[in-house]
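Enquirer: Take a look at this one; I'll ask things after.
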Amino acid sequence: MSTKKYDSFKDLRKGKYDWKVLARALNSWKGYTKTREAFKGYNILLLDHKRARIHASVPAKLEEEVDKLVDLGKIYLIQNFTVKNYQPDDKYRFELHTLASDETGQMTIILEDREVRRLIGKTALDLIEEGNKVEIFPIILDNLKNKFYSIKLLIKEANTKYKVDAFLATDIIEGSYTEIKQETERNYPQPIQSLKTHHSESSYHLDSAN
150 MSTKKYDSFK DLRKGKYDWK VLARALNSWK GYTKTREAFK GYNILLLDHK RARIHASVPA
210 KLEEEVDKLV DLGKIYLIQN FTVKNYQPDD KYRFELHTLA SDETGQMTII LEDREVRRLI
270 GKTALDLIEE GNKVEIFPII LDNLKNKFYS IKLLIKEANT KYKVDAFLAT DIIEGSYTEI
330 KQETERNYPQ PIQSLKTHHS ESSYHLDSAN
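Residue numbers for the sequence shown follow the working numbering, beginning at 150 and rising by one.
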């Protein structure tokens, strides 16, 4: 199938209506408040034919309708829409798309607001108030690169069935999970309560973030 007649997310601008973007639905997830209450609506990560990604927000009033139309991993034609500048309010939030690697290879991992705040000790609004511009990548986030982290991933059907290579992180700590667990056990001895085995999180080396 020829893709020359399709537009890319990176080329979108105001003043045009007849856009045609061919995109795959990579992932979807809910946003959460600090008290772990889910926001209304949800988010979708889309990838076009030129491998440009865009984060789309589905409002609560369209959530049920979009759920019926969109299956993760499938390709959709998005056309005849307008583009407008995003006007952020005071609810600035982080979302980092990172390239992580371990001894088995590389993968794209999405870090949402809670995970980034945990690592840098600041909110997105803190960075804005410190003089960082929304359109410029904050220097402080470069400190996350080239370190080892233990990350808990949300694996969906799109990842296993359709081989989508972007995974959502649901928890993250710096360092090896095994080493941290062993250190904790040395400092705080606990009685053996069960001999059952448990899955542990994987440790990754964070190569880049954007």
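Heads up, the beta-carbon is just placed ideally off N, CA and C, and yes, glycines get one too.
None of these values were measured; they are calculated from a predicted model.
1) Does the region 249-258 come close enough to the region 306-322 that 3 or more CB-CB pairs lie under 8 Å?
2) If we require 3 or more residues per run, which beta strand (DSSP E) segments fall completely within the region 269-320?
3) Shortest alpha-carbon distance to S325 belongs to which of K296, K233 and N308?
4) Quick one: is N308 buried, meaning 16 or more other Cβ sit within 10 Å of its Cβ, or exposed?
5) Please classify R267 as buried or exposed, where buried requires at least 16 neighbouring CB atoms within 10 angstroms.
6) Relative to the alpha-carbon of R173, which residue among R263, H204 and V232 has its alpha-carbon at the smallest distance?
7) Hey, how far is the Cα of L248 from the Cα of S299?
8) Of the residues V219, N192, D220 and I285, which one's Cα is nearest the Cα of A209?
9) How big is the Cα-Cα spacing for D239 and L245?
10) Tell me, please, which residues DSSP counts as bridged to E264.
11) Spatial neighbours of L161 within its chain, please: C-beta separation below 7 Å, excluding the five flanking residues on both sides.
12) Pick from I288, I321, K294 and Y155: whose alpha carbon is nearest that of K142?
13) Going along the chain, which residues of its own chain have a beta-carbon closer than 7 Å to the beta-carbon of V265, five neighbours each way excluded?
14) Classify N292 as buried or exposed, calling it buried when 16 or more other Cβ atoms lie within 10 Å of its own Cβ.
15) Within 10 angstroms of its Cβ, does N229 collect 16 or more other Cβ (buried), or is it exposed?
16) Do you know offhand how far L171's Cα is from I321's?
17) Would you say I269 and I289 are within 8 Å of each other, going by their C-beta atoms?
18) In terms of residue numbering, what span does the beta strand (DSSP E) encompassing L196 cover?
19) Please say whether D220 and H158 have beta carbons closer to each other than 8 Å?
20) Quick check on L302: buried or exposed, where buried means 16 or more other Cβ atoms within 10 Å of its Cβ?
21) Using C-beta distances below 7 Å, list every residue in its chain close to S177, excluding the 5 sequence neighbours before and after it, in chain order.
22) Under 8 Å Cβ to Cβ from K163, same chain only, skipping five residues before and after it: list those, please.
Expert: Quick answer:
1) yes
2) 297-303
3) Working through the sequence shown from its first residue, we reach residue 325 at position 176. Closest option to S325, Cα to Cα, is K296.
4) Within the sequence shown, the letter at position 159 stands for residue 308. That one is buried.
5) Along the sequence shown, one-based indexing puts residue 267 at 118. Result: exposed.
6) As a working note, residue 173 is residue 24 in the sequence shown. Out of R263, H204 and V232, H204 has the C-alpha closest to the C-alpha of R173.
7) Your numbering for residue 248 matches position 99 in the sequence shown. Your numbering for residue 299 matches position 150 in the sequence shown. So the alpha carbons of these two residues sit roughly 14 Å apart.
8) Position 60 of the sequence shown, counting from 1, holds the residue named residue 209. Ranking V219, N192, D220 and I285 by Cα distance to A209 puts N192 first.
9) Numbered from 1 along the sequence shown, position 90 holds the residue referred to as residue 239. Numbered from 1 along the sequence shown, position 96 holds the residue referred to as residue 245. Residue placement at D239 is poorly supported in this model, since its pLDDT is 44, which falls under 50; the coordinates still yield a value, given next. Spanning the two alpha carbons is a distance of roughly 19 Å.
10) In the sequence shown, the residue the question calls residue 264 occupies position 115. According to DSSP, which records beta bridges pairwise, E264 is partnered with nothing at all.
11) Here residue 161 refers to the residue found at position 12 of the sequence shown. These residues qualify, in order along the chain: W168 and V232.
12) Outside the modelled stretch of the chain, which goes from 150 to 359, sits residue 142, for which no answer is possible.
13) Position 116 of the sequence shown, counted from the first residue, corresponds to residue 265. Once the five neighbours on either side are set aside, the close Cβ partners of V265 are F243 and L245.
14) Within the sequence shown, numbered from 1, the residue matching residue 292 stands at position 143. Counting C-beta atoms within 10 angstroms of its own C-beta, N292 has fewer than 16 neighbours from the protein chains shown and is therefore classed as exposed.
15) Locating residue 229 in the sequence shown gives position 80, where the first residue counts as 1. Flag for N229 reads exposed.
16) The residue labelled residue 171 in the question sits at position 22 within the sequence shown. The residue labelled residue 321 in the question sits at position 172 within the sequence shown. Approximately 33 Å between the Cα atoms of the pair.
17) If you number the sequence shown from 1, residue 269 lands on position 120. If you number the sequence shown from 1, residue 289 lands on position 140. Closer than 8 Å, so yes.
18) Here residue 196 refers to the residue found at position 47 when the sequence shown is read from its first residue. Here the beta strand (DSSP E) through L196 covers Y191 to D197.
19) For this step, residue 158 is matched to residue 9 along the sequence shown. For this step, residue 220 is matched to residue 71 along the sequence shown. It is worth fixing the name first, because residue 158 is Phe in this sequence and not His. No; because the gap between Cβ atoms is not below 8 Å, this pair is not in contact.
20) Within the sequence shown, numbered from 1, the residue matching residue 302 stands at position 153. Burial call: buried.
21) Position 28 of the sequence shown, counted from the start, is the residue given in the question as residue 177. Cβ within range, chain order: Y191, N192, I193 and L221.
22) Reading the sequence shown from its first residue, position 14 is the one you call residue 163. Correct list, in chain order: T231, V232, K233 and N234.
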